[in-house]
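So for the sequence shown, our numbering puts the first residue at 692; every next one is plus one.
Even for Gly, the Cβ is constructed at its ideal location relative to N, Cα and C.
Here's the structure, in structure tokens; my notes come after.
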Amino acid sequence: MHSWTSPSISPLPASGVPLRLHDTRTGRTAPLIPLLPGRARLYVCGITPYDATHLGHAATYHATDLMRRALLDTGLEVEVAQNVTDVDDPLFERAARDGVDWRELAASQTALFAEDMEQLRIIAPETYRTVSEAMDDIIATVTTLRERCRAYPVTAPDAAADGGVDWYLDLSIDGALGDVSGWDEQQMLEVFAERGGDPEREGKRGTFDPLLWRAERAGEPAWDAGELGRGRPGWHVECVSIAEDALGLPFDVQAGGSDLVFPHHDLGAAHAIGTGRGFAAVYTHSGMVGYEGEKMSKSLGNLVFVHRLVRDGVDPMAIRLVLMAHHYRSDWAWTDQELERAAARLASYRAAAERGGHHPGTVEALRGALREDLDTPSALRALDAWAAGSAPRPGTDDDGPGDVVAASDALFGLTLRD
């Protein structure tokens, strides 16, 4: 499906210096060396479209956008794939509550998300697929796992058809549980159920074995899947299938919010291993955004929506500056004061842009900050010094890119001219 219209991009001359990125799995920050020479492949987990884009979503896709821009600045080709989880219980529940068809709800919220991404000048992914569009690929993945004896049936007494079964992944065979998170079982148990797991499901071989294919239930959408039976997919296998089709396995970077480390990314990796392949070389996660003392989430309802901020007259570039004020891996809380500081920053940057000038030292500081694990707070300090007129003055021997306005656009998606 079409995602959204990308902003125009005018990259700086390639630096050739690799991006250093923090890997959740290893706990180390190291240069990202693509598996395929000259080409970086990224997968970012998309939204479940039952509510509009809040600041927590924006932070995740802003981080992925920065990653793409940093990789482009090194001179690499970059390919990004992103899904839309339009087949999921929370979506069905919201549609039933509101008395609308789940497909209509998904389509309307996906369209609103795309508008928000355009407002924030997020570069569109090369592949943007809904789960419903990828159903054939998902069924093929589950079938492969079944043929490799990694999948097993569990009786589903409430299935629409007599003798219906749900299919689960047997994690004990490949021993991949915890490969990404490094968590122990107690840590996993504390969040598994609230993050879509069913640890007490009768008939499962292992507590954390994830659902691959759910037999059709009355009132739920379902797809024909041959010997698997009519039904719909589990959560984790969806992303694995879309990533494999779009990018090939293994690929370079799996990105998403830190609440996806376990179970989603842990179990996604286990699915891929079960098919005989690796998944991502690096896992990177953005921190959680809080509001009113809690993590911003749909279930709590403590949300700050991008489209409402824009509707109320907030410049989308001020929203990007709020996000840039925090390192992408850090947890932080939204306040009105954050937005006020960002608006003041934006005004000062735009005033400096009108003065013009050649500032290669500032541009190099921006590039250096971005390629050091997307260190946007350091980049803002460089822009603050430039706007205040206290940035290092260019000398007679200074060369290289010196247009701070062009660099801010290319590296950070910031437009500093009205």
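Could you please give the first and the last residue of the uninterrupted beta strand (DSSP E) stretch that includes residue i?
i       : result
Ala-721 : 719-722
Ala-731 : 730-735
Trp-858 : 856-860
Arg-947 : Arg is not the amino acid found at residue 947; the sequence shown has Gly there. Gly-947 -> beta strand (DSSP E) spans 942-948.
Kindly list the residues whose CB is nearer than 6 Å to the CB of residue i, restricted to its own chain and excluding five residues on each side of it in sequence; keep chain order.
i        : result
Arg-837  : none
Pro-698  : Arg-812
Ala-750  : Ser-977, Val-980 and Leu-1014
Arg-1108 : Ala-1044
How should residue i be labelled, buried or exposed, when 16 other C-beta atoms within 10 angstroms of its C-beta is the threshold for buried?
i        : result
Met-1015 : buried
Ile-700  : exposed
Arg-1058 : buried
Val-791  : exposed
Ser-872  : buried
Glu-1029 : buried
Leu-666  : Any answer about residue 666 is impossible in this case: the structure gives the chain only from 692 up to 1109.
Glu-893  : exposed
Cys-736  : buried
Ser-863  : exposed
Arg-839  : exposed
Leu-991  : exposed
Gly-854  : exposed
Gly-935  : Reading off the sequence shown, one finds Glu at residue 935, where the question assumed Gly. By the 10 Å Cβ count, Glu-935 comes out buried.
With distances taken between CB atoms, is the gap from residue i to residue j smaller than 8 Å?
i        : j        : result
Glu-817  : Val-771  : yes
Tyr-819  : Ala-842  : no
Leu-727  : Met-758  : no
Leu-868  : Phe-899  : yes
Leu-710  : Thr-765  : yes
His-927  : His-955  : yes
Glu-911  : Asn-774  : no
Asp-943  : Leu-1102 : no
Thr-1067 : Ala-1060 : yes
Arg-896  : Ala-850  : no
Val-952  : Thr-720  : no
Asp-1006 : Leu-1037 : yes
Leu-903  : Gly-888  : no
Leu-703  : Ala-1056 : no
Ala-972  : Pro-941  : yes
Arg-1032 : Gly-1104 : no
Asp-777  : His-998  : no
Ala-1073 : Ala-1034 : no
Name, in chain order, the residues that DSSP records as bridge partners for residue i.
i        : result
Arg-820  : Asn-774
Pro-924  : Trp-904
Lys-986  : Gly-981
Trp-914  : Gly-922
Val-1054 : Partner(s): none; Val-1054 has no beta bridge.
Leu-727  : Arg-730
Asp-714  : Arg-719
Pro-844  : Trp-858
Tyr-1040 : Note: Tyr-1040 sits in no beta bridge, so no partner.
Ala-1024 : Gly-981
Ala-971  : Phe-942
Val-769  : Ala-731
His-976  : Gly-947
Can you find the residues in the same chain that come closer than 8 Å, C-beta to C-beta, to residue i, ignoring five residues on each side of it along the sequence?
i        : result
Trp-1025 : Leu-746, Val-980, Gly-981, Tyr-982, Met-987, Val-995 and Val-1013
Thr-696  : Glu-809 and Ala-815
Glu-768  : Gly-729, Arg-730 and Ala-731
Ser-706  : Asp-764, Thr-765, Gly-766, Arg-1058 and Arg-1062
Leu-1071 : Leu-1012, Met-1015, Ala-1016 and Arg-1036
At which residues does the alpha helix (DSSP H) containing residue i begin and terminate?
i        : result
Trp-1077 : 1067-1078
Thr-1106 : No alpha helix (DSSP H) holds Thr-1106; DSSP gives it neither H nor E.
Tyr-752  : 746-765
Pro-1007 : 1007-1015
Arg-999  : 997-1002
Val-833  : 826-838
Met-1140 : Residue 1140 is absent from the structure shown; the chain starts at 692 and stops at 1109.
Glu-1063 : Where Glu-1063 is concerned, there is no enclosing alpha helix (DSSP H), given that its DSSP letter is neither H nor E.
Gly-965  : 957-965
Ser-706  : Run containing Ser-706: none; DSSP gives neither H nor E here.
Ala-802  : 793-810
Leu-782  : 780-789
Report all residues from its chain with a CB closer than 7 Å to the CB of residue i; omit the five preceding and five following residues, and keep chain order.
i        : result
Arg-785  : Tyr-741 and Leu-796
Ser-932  : Ala-825, Asp-828, Ile-829 and Thr-832
Met-692  : Tyr-819, Arg-820, Thr-821 and Glu-824
Ala-805  : Ser-694 and Trp-695
Ala-884  : Pro-890
Thr-1087 : Interpretation of Thr-1087 is limited by its pLDDT of 42, a score under 50 that renders its predicted location unreliable; no figure is taken from the coordinates.
Just to confirm, does residue i get its C-beta within under 7 Å of one of the non-hydrogen atoms of the ligand ADP?
i       : result
Arg-968 : Among the ligands in the structure shown, none appear at all, so the ligand ADP cannot be discussed.
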